[in-house]
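S.K.: Mind having a look at this structure? Questions to follow.
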Amino acid sequence: MTLFEAIVFGIIQGVTEFLPVSSSAHIVITQLVFGYTFPGLAFEIYLHLASVLAVILYFWKDVWDVIQGFFNFVIKRSPKDRVQFYFGLYILIATALTGILGKLLQDALGANLKTPAMIAGSLFLTGLALIFIERFHKVGNKDESSMTFIDAIIVGLGQTLAVIPGISRSGSTLVVGLLVGLNRETAVRYSFLLAIPVILGSTVLAFEDFSAAAFAYIGPLNLVVSFVITFVFSILGIIWLIDFLKKSKLIYFAIYCFLLAIFVLTMIDGNVIMEV
665 MTLFEAIVFG
675 IIQGVTEFLP
685 VSSSAHIVIT
695 QLVFGYTFPG
705 LAFEIYLHLA
715 SVLAVILYFW
725 KDVWDVIQGF
735 FNFVIKRSPK
745 DRVQFYFGLY
755 ILIATALTGI
765 LGKLLQDALG
775 ANLKTPAMIA
785 GSLFLTGLAL
795 IFIERFHKVG
805 NKDESSMTFI
815 DAIIVGLGQT
825 LAVIPGISRS
835 GSTLVVGLLV
845 GLNRETAVRY
855 SFLLAIPVIL
865 GSTVLAFEDF
875 SAAAFAYIGP
885 LNLVVSFVIT
895 FVFSILGIIW
905 LIDFLKKSKL
915 IYFAIYCFLL
925 AIFVLTMIDG
935 NVIMEV
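Numbers in the working numbering are just positions in the sequence shown, counted from 1, shifted up by 664.
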């Protein structure tokens, strides 16, 4: 890997991780453009860790409030911590469902996950979901205090689909959160906080891919540069998305997903994707 490629991968991961456009699809497509194949999942997970660090630092107060409220309620049964306890529980429920069902789905689909048809179809489905939630669904008024276990289960099921490149994790959790009646602010916050245990959990599951040989293949300088670039652009992506959602529409992301799906079907060699 060249330094230029490390920078590009860092930018792509950082920018797309939290936008509803599927970072995994963008990483696969970028590999194909460069004709580069990662050895295992180590480098992809490594870049995801930079993104999750950005979330933790940006939402540190929210993270601390949930953790503190969760354990205070468990230990002291303080009524004022009840909402944060249940919100933390809803994060754990959605994460557990994603971990279990996502692994089963991944094993069932196997190599088909990265075919042009699968990626393009998933991007198209993401676009349709964004249009539906924007144009045909009335935003609800549920917040953390009125969420339910059923809401958490449904969001977890939606997040499970994000193991498929082209199905956006942030997009699926945001869309499904709005679908079950969360207000936009709560759906966005829930989506971002869900990224933390999901990415950390995937790191543990992919631990066997981490090795000195795998990282030597990338190069020490490239590892440092790509991590820093991913972190910086993840922070910028978070700030930009939150501001964008206050003033604009999800339909613009839908249009982008459609265009990218067309690009994948018309410009990417299916045999190459199968080898990635």
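All residues carry an ideal CB built from backbone N, CA and C; glycine is no exception.
Quick one: grab the DSSP three-state call for leucine 909.
M.R.: Taking the first residue of the sequence shown as 1, we reach residue 909 at position 245. Helix.
S.K.: With isoleucine 739 as the anchor, note down where its alpha helix (DSSP H) starts and where it stops.
M.R.: Start at 1 with the first residue of the sequence shown, and residue 739 comes out as number 75. Here the alpha helix (DSSP H) through isoleucine 739 covers 724-740.
S.K.: Is the number of C-beta pairs between the segment 775-792 and the segment 810-823 that are closer than 8 Å three or more?
M.R.: no
S.K.: Using a threshold of 9 Å, state whether the C-beta atoms of alanine 784 and isoleucine 915 are closer than that.
M.R.: Position 120 of the sequence shown, counting from 1, holds the residue named residue 784. Position 251 of the sequence shown, counting from 1, holds the residue named residue 915. No, these two residues do not count as a Cβ contact at 9 Å.
S.K.: In angstroms with no decimal places, state the Cα-to-Cα distance between isoleucine 709 and lysine 911.
M.R.: Within the sequence shown, residue 709 is the residue found at index 45, counting from 1. Within the sequence shown, residue 911 is the residue found at index 247, counting from 1. When rounded, the distance between both Cα atoms is 32 Å.
S.K.: Use the C-beta contact count for histidine 943: other C-beta atoms within 10 angstroms, 16 or more gives buried, fewer gives exposed.
M.R.: Residue 943 cannot be examined here, being either before or after the span of the chain that is shown, 665 to 940.
S.K.: In whole angstroms, what separates the C-alpha of phenylalanine 800 from that of leucine 756?
M.R.: In the sequence shown, counting from the first residue as 1, residue 800 sits at position 136. In the sequence shown, counting from the first residue as 1, residue 756 sits at position 92. About 30 Å.
S.K.: Using the C-alpha atoms, what's the distance from serine 810 back to leucine 909?
M.R.: Translated into positions along the sequence shown, residue 909 becomes position 245. Translated into positions along the sequence shown, residue 810 becomes position 146. Straight-line Cα distance between these residues: approximately 22 Å.
S.K.: In terms of DSSP beta bridges, what is lysine 806 paired with?
M.R.: Indexing the sequence shown from 1 puts residue 806 at position 142. DSSP output for lysine 806 lists Leu846 as bridge partner(s).
S.K.: Contact between the segment 669-681 and the segment 888-899: three or more CB pairs below 8 Å?
M.R.: yes
S.K.: Leaving out five residues before and five after tyrosine 854 in sequence, what residues of the same chain have Cβ atoms less than 6 Å from its Cβ?
M.R.: Numbered from its first residue, the sequence shown carries residue 854 at position 190. Excluding residues within five positions, the ones whose Cβ falls inside 6 Å are Gly841.
S.K.: Decide yes or no for the touch test of the segment 687-696 against the segment 858-869: beta carbon pairs closer than 8 Å, at least 3 of them.
M.R.: no
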